[in-house]
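Novice:
2 protein chains.
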Amino acid sequence: MSQAPTDIAAYMRQLGERAVAAGRAMSRAETAKKNAALNAIAAGLLGQSEAIRAANAKDLEAGRAAGLDAAMLDRLELTPARIQAMADGVKEIVALPDPVGAITDMAYRPSGIQVGKMRVPLGVIGIIYESRPNVTVDAAALCLKSGNACILRGGSESIHSNQAIAAVVRAGLEQAGLPADAVLVVETTDRAAVGELITLEGYVDVIIPRGGKGLIERIAKDARIPVIKHLDGNCHVYVDDHADMDKAIAVAVNAKCHRYGVCNAMETLLVHRRIAPMLLPQLAEKYREKGVELRGCPQTCAIVEGCLAAGEEDWDTEYLAPILAVKVVQDLDEAMDHIHRHSSRHTESIVTEDYSRARRFLREVDSSSVMVNASTRFADGFEYGLGAEIGISTDKLHARGPVGLEGLTTQKFVVLGDGHIRS
Amino acid sequence: MSQAPTDIAAYMRQLGERAVAAGRAMSRAETAKKNAALNAIAAGLLGQSEAIRAANAKDLEAGRAAGLDAAMLDRLELTPARIQAMADGVKEIVALPDPVGAITDMAYRPSGIQVGKMRVPLGVIGIIYESRPNVTVDAAALCLKSGNACILRGGSESIHSNQAIAAVVRAGLEQAGLPADAVLVVETTDRAAVGELITLEGYVDVIIPRGGKGLIERIAKDARIPVIKHLDGNCHVYVDDHADMDKAIAVAVNAKCHRYGVCNAMETLLVHRRIAPMLLPQLAEKYREKGVELRGCPQTCAIVEGCLAAGEEDWDTEYLAPILAVKVVQDLDEAMDHIHRHSSRHTESIVTEDYSRARRFLREVDSSSVMVNASTRFADGFEYGLGAEIGISTDKLHARGPVGLEGLTTQKFVVLGDGHIRS
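Top line first, the protein sequences correspond to chains A and B. Residue numbering for the first sequence follows UniProt numbering, beginning at 1 and increasing consecutively. Residue numbering for the second sequence follows UniProt numbering, beginning at 1 and increasing consecutively.
Below is the structure:
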């Protein structure tokens with residue numbers, strides 16, 4: 001395929017046309033057919049695992065030659081266990097209820113018409129991601145089940161793996177009598193393809209980028225199509241003075257230490273001044289055992305021996321590392337003000353036994369997930385029962401928080417009459 | 001106020017800061033307080049109608065001096081009846097249920113946490129509109145009831161009217177103990193203010209433009225904030241050969257002739273070839289009586305005497321006038337293909353007594369409203385029971401079709417635990 005920019009534009013437009021045509025067929029596909037395709041894909045991943053690993057070996061070789069570091073090579077590698085996990089993931093999506101076609105709120109209006117809403121696919125979804133090739137099948141399976149077509153643009157370092165996986169996906173679609181073009185993988189590594197994809201108005205209905213903040217911000221800036229964004233996760237836990245100490249310690253340790261490099265890990269701990277002298281020394285001991293570095297406000301530093309002084313920038317930092325900012329606050333209002341000023345609106349949790357404060361926190365904190373007496377680590381599509389997630393949205397419009405099948409659909413109004421006219 | 005661009009940027013940012021602060025207070029305001037504010041606003045509009053009309057007279061005078069045409073001057077004028085209608089509109093919003101805070105789908109997960117969704121305001125809504133000053137109070141009332149703050153930028157020709165109305169709105173908010181800054185009217189007519197408003201990231205959560213297609217396209221192109229768009233309404237009625245003739249005539253006449261200049265008027269009529277020879281002559285007679293010009297495909301022209309020949313561009317035109325494009329089709333599939341190719345995805349209706357075809361049309365036509373045996377003119381917030389609408393969205397994401405109070409809100413996840421941690 002030619003890599004010249006003029007051809008890239010034509011190539012992407014042609015992908016767009018094929019995706020729109022396939023999307024129409026997918027939108028009316030019965031659940032049983034979509035599930036048959038998913039089962040065929042799961043079987044194909046295992047049956048074709050040799051071919052997938054051979055393609056993956058090419059990517060790994062090229063990656064080593066290009067000097068990718070060990071962590072990137074690890075993300076790129078498809079072991080038999082990872083191929084099995086991909087197939088298992090597809091099987092899980094078979095088991096999820098099909099959201100498409102559900103009609104809700106159907107009611108008669110005074111005029112005599114009936115009005116309701118029907119859940120329908122978005123149409124064509126563009127997904128832009130970085131190195132992990134498993135995203136190819138995860139994203140394809142979610143789009144397929146929700147009745148959408150998708151155009152996938154993976155990282156150039158995983159191009160062979162992605163194409164091998166796409167071949168399995170497309171064969172599965174055809175086997176079930178669905179159009180192979182419902183899943184299209186961009187077959188050029190030319191970066192111009194991304195620029196074309198995010199401006200394919202009239203063909204692509206939404207763009208979902210998966211990757212670092214830099215990638216997502218660039219895409220959001222240049223896109224002419226709505227983007228479901230996942231920026232950062234600067235999550236807070238506030239321990240109220242009416243907290244149960246055991247719960248506070250359990251939640252604060254789990255939210256920070258369960259995994260460090262994830263968006264739903266706590267990055268700042270806020271502690272009510274009355275409970276700080278009891279709680280912080282105990283917590284500091286736990287964090288010390290785990291190797292977590294503390295950066296505290298002056299009051300924290302006065303209580304916790306050896307605590308580093310936090311700078312203003314610490315309150316805005318998503319560490320994704322064993323580092324935690326700690327601040328002592330006067331009361332719930334100061335905690336919520338701090339969250340309002342510094343949070344990325346991902347996930348915040350209060351630890352308290354006080355009913356009224358819990359109620360206020362839930363209502364007033366403006367984040368995609370708000371919690372009482374639970375670890376921020378629960379902010380996740382599987383934990384929430386969505387079955388799988390294509391990402392976590394930090395946007396407010398359309399989808400907020402973990403995005404599952406329903407986030408890949410929209411609703412249209414359905415009106416039933418009997419020759420009704422407006423007077 | 002200075003009109004220099006550098007000051008405009010600072011001025012708009014300051015409006016943004018005030019709106020965010022007011023929005024936080026509005027998001028936690030009780031329904032009774034919001035309703036008290038709305039009642040005070042309705043009373044204020046009537047009580048201050050002299051002052052509003054005096055301000056409006058200034059706009060009318062400036063408009064005449066600037067040579068505005070009669071239609072524009074009419075849209076601009078606030079008669080006592082129109083002020084009464086504005087007050088009545090606000091009273092209707094008092095009667096609507098408050099969507100904020102509703103918790104749905106709350107359920108226990110296997111981990112023991114409870115997960116549900118809470119409906120919450122979007123935050124700050126920027127509304128950009130043209131000449132009608134009544135939009136100022138309609139938009140303010142909807143934003144207020146849904147717990148949002150708003151920044152309103154009306155047309156420069158209605159600046160005095162808008163400011164007088166805003167003064168009433170702000171007084172009503174204060175009377176109810178709510179922040180006046182929940183409704184901010186941009187007080188400069190400098191066009192740079194629009195450019196600033198649509199790029200106020202971090203302050204404004206969504207932009208809703210109300211006006212012509214040109215305005216909306218310009219805003220969508222330059223905005224850095226999500227835009228709820230209402231582009232055009234190229235609506236279709238398809239009369240199937242299994243249609244009831246009386247219903248077909250009633251719906252086709254009403255959809256075209258009830259009002260011409262509205263987005264939910266039919267612009268193209270599609271007729272099954274088997275029913276065309278009976279239906280079209282009768283319909284043509286009705287349209288002739290109403291003064292509607294017909295532009296038909298060759299088959300239509302062969303049936304309807306004196307019908308003009310439609311050009312390819314007619315299928316894509318939103319006439320907003322007593323003109324109708326008419327096309328004879330082979331079957332339902334050709335009708336749906338035509339709609340897929342030419343519709344603006346606003347509203348389409350099928351007239352048929354055939355159960356399976358109605359079912360297919362509802363599922364497969366990808367428009368914000370799909371109807372059976374009903375006039376496209378029903379696509380409207382009041383008719384659908386939303387109570388009022390801030391616009392009709394032709395977008396797919398977030399809000400689709402008429403946008404009422406719920407469209408001005410979003411949902412966040414709520415998690416309740418008892419010291420739960422993730423294992």
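Ideal placement from N, C-alpha and C gives every residue a C-beta, glycine not left out. Keep in mind that this is a model prediction, so the values were computed, not measured.
Kindly give me the distance between the Cβ atoms of Arg224(A) and Glu201(A), rounded to whole angstroms, as I take these residues to be in contact under 8 Å.
Specialist: Rounded, the Cβ-Cβ distance is 5 Å, consistent with contact.
Novice: If the cut is a Cβ gap below 7 Å, which residues of chain B does Gln411(A) touch?
Specialist: In chain order: Arg400.
Novice: Decide if Thr79(B) is buried, meaning its Cβ has at least 16 other Cβ atoms within 10 Å, or exposed.
Specialist: By the neighbour-count rule (16 or more Cβ atoms within 10 Å), Thr79(B) is not buried but exposed.
Novice: Run down chain A in chain order and give the residues with a C-beta less than 9 Å from the C-beta of Phe378(B).
Specialist: Here the neighbours are Arg109, Ser111, Ile113, Val115, Val415, Gly417, His420, Ile421 and Arg422.
Novice: What residues from chain B crowd round Phe123(A), counting only those whose CB sits closer than 8 Å?
Specialist: The residue you asked about is not Phe; residue 123(A) is Gly in the sequence shown. Asp366 and Lys396, listed in chain order.
Novice: Using a Cβ-Cβ distance under 8 Å, would Asp241(B) count as near chain A?
Specialist: Judged by the 8 Å Cβ criterion, Asp241(B) is not in contact with chain A.
Novice: Name, please, each residue of chain A whose Cβ falls closer than 7 Å to the Cβ of Gly101(B).
Specialist: What Gly101(B) touches in chain A: Arg363.
Novice: What number of angstroms, rounded off, separates the C-alpha of Gly407(A) from the C-alpha of Ala70(B)?
Specialist: Between Gly407(A) and Ala70(B), the C-alpha separation is close to 47 Å.
Novice: Give, in chain order, every residue of the stretch 143-160 of chain B whose Cβ lies closer than 7 Å to some Cβ of chain A.
Specialist: Answer set for the stretch 143-160 of chain B: empty.
Novice: Among Arg357(A), Ile127(A) and Val168(A), whose alpha-carbon lies nearest the alpha-carbon of Ala193(A)?
Specialist: Answer by Cα proximity: Ile127(A).
Novice: Cα separation between Leu397(A) and Ile207(B)?
Specialist: Answer to the nearest angstrom: the Cα atoms are 11 Å apart.
Novice: Of the residues that make up the stretch 216-244 of chain A, which ones have a beta carbon closer than 7 Å to any beta carbon in chain B?
Specialist: From the stretch 216-244 of chain A, only Pro226 and Asp244 have a Cβ closer than 7 Å to chain B.
Novice: Does any CB atom of chain A fall closer than 8 Å to the CB of Glu196(B)?
Specialist: For Glu196(B), the answer is no, since every Cβ of chain A falls outside 8 Å of its Cβ.
Novice: Please list, in chain order, all residues of the same chain as Leu294(A) whose beta carbon is under 7 Å from its beta carbon, the five residues on each side excluded.
Specialist: Result list for Leu294(A): Ala284, Tyr287, Val304, Cys307, Leu308, Leu324 and Val326, in chain order.
Novice: Tell me Gln114(B)'s beta-bridge partners as DSSP assigns them.
Specialist: Bridge partners of Gln114(B): Tyr108(B) and Leu416(B).
Novice: Out of Glu348(A), Gly387(A), His242(A) and Glu267(A), state which residue places its alpha-carbon closest to the alpha-carbon of Asp331(A).
Specialist: Closest option to Asp331(A), Cα to Cα, is His242(A).
Novice: Is it buried or exposed, Gln14(A), if we count other Cβ atoms within 10 angstroms and call 16 or more buried?
Specialist: With fewer than 16 other Cβ atoms within 10 Å, it is exposed.
Novice: Residues in the same chain with beta-carbon distance under 8 Å from Gly211(A), minus the five sequence neighbours each way, listed in chain order, please.
Specialist: Same-chain partners within the cutoff: Ile128, Tyr129 and Glu130.
Novice: Would you give the residue range spanned by the alpha helix (DSSP H) that Ala95(B) belongs to?
Specialist: Start and end: Pro80 to Ala95.
Novice: Alpha carbon to alpha carbon, what distance is there between Leu142(A) and Gly404(A)?
Specialist: Near 8 Å, if we compare the C-alpha coordinates of Leu142(A) and Gly404(A).
Novice: Would you say Phe382(A) and Val370(A) are within 8 Å of each other, going by their C-beta atoms?
Specialist: Their beta carbons are not under 8 Å apart, which means Phe382(A) does not touch Val370(A) by this criterion.
Novice: Buried or exposed, going by whether 16 or more other CB atoms sit within 10 Å of the CB of Pro179(A)?
Specialist: Buried: at least 16 other Cβ atoms inside 10 Å.
Novice: Closer than 6 Å by C-beta to Gly147(A): which residues in its own chain qualify, once you throw out the five before and the five after it? Chain order, please.
Specialist: Result list for Gly147(A): Met26, Ser27, Val100 and Pro121, in chain order.
Novice: Who are the near neighbours of Pro5(A) in its chain, counting only those whose CB is closer than 6 Å to its CB and skipping five residues on each side?
Specialist: Residue placement at Pro5(A) is poorly supported in this model, since its pLDDT is 44, which falls under 50; the coordinates still yield a value, given next. Around Pro5(A): Ala192.
Novice: Quick one, are the C-beta atoms of Arg18(A) and Leu184(A) less than 8 Å apart?
Specialist: Taking 8 Å as the Cβ cut-off, Arg18(A) and Leu184(A) qualify as a contacting pair.
Novice: List the residues that DSSP assigns as beta-bridge partners of Leu152(B).
Specialist: Per DSSP, Ile127(B) and Val185(B).
Novice: Find the nearest neighbour of Gln411(B) within the set Val415(A), Ala399(A) and Val239(A), judged by alpha-carbon distance.
Specialist: Nearest C-alpha to Gln411(B): Ala399(A).
Novice: Measure the C-alpha to C-alpha separation of Val137(B) and Ala21(B) and round it to an integer number of angstroms.
Specialist: So the alpha carbons of these two residues sit roughly 21 Å apart.
Novice: Reducing DSSP to helix, strand and coil, say where Ile67(A) ends up.
Specialist: For clarity, residue 67(A) is Gly in the given sequence; the question names Ile instead. Coil at Gly67(A), not helix or strand.
Novice: Note down, in chain order, all residues in the stretch 26-37 of chain A with a beta-carbon under 9 Å from any beta-carbon belonging to chain B.
Specialist: Flagged, chain order: Ser27 and Arg28.
Novice: Do you know offhand how far Ser423(A)'s Cα is from Ser375(B)'s?
Specialist: The straight-line gap from Cα to Cα measures roughly 10 Å.
Novice: Here's a check: name, in chain order, each residue in its chain whose Cβ is nearer than 7 Å to the Cβ of Val328(A), leaving out the five neighbours to either side.
Specialist: Closer than 7 Å at the Cβ level, and outside the excluded window around Val328(A), lie Val271, Arg273, Ala276, Cys297, Gln299 and Thr300.
Novice: Pull the bridge partners of Tyr238(B) from the DSSP assignment, please.
Specialist: In DSSP, Tyr238(B) forms a bridge with Leu270(B) and Ile350(B).
Novice: Just checking Ala29(B) against the ligand ZN - is the residue's beta carbon closer than 7 Å to any of the ligand's heavy atoms?
Specialist: The ligand ZN is absent from the structure shown, which contains no ligand whatsoever.
Novice: For a test of the three-state rule: what should DSSP assign to Pro298(A), helix, strand or coil?
Specialist: Helix at Pro298(A).
Novice: Roughly how many angstroms separate the alpha carbons of Met106(B) and Val115(B), rounded to a whole number?
Specialist: Cα to Cα, the separation comes out at about 5 Å.
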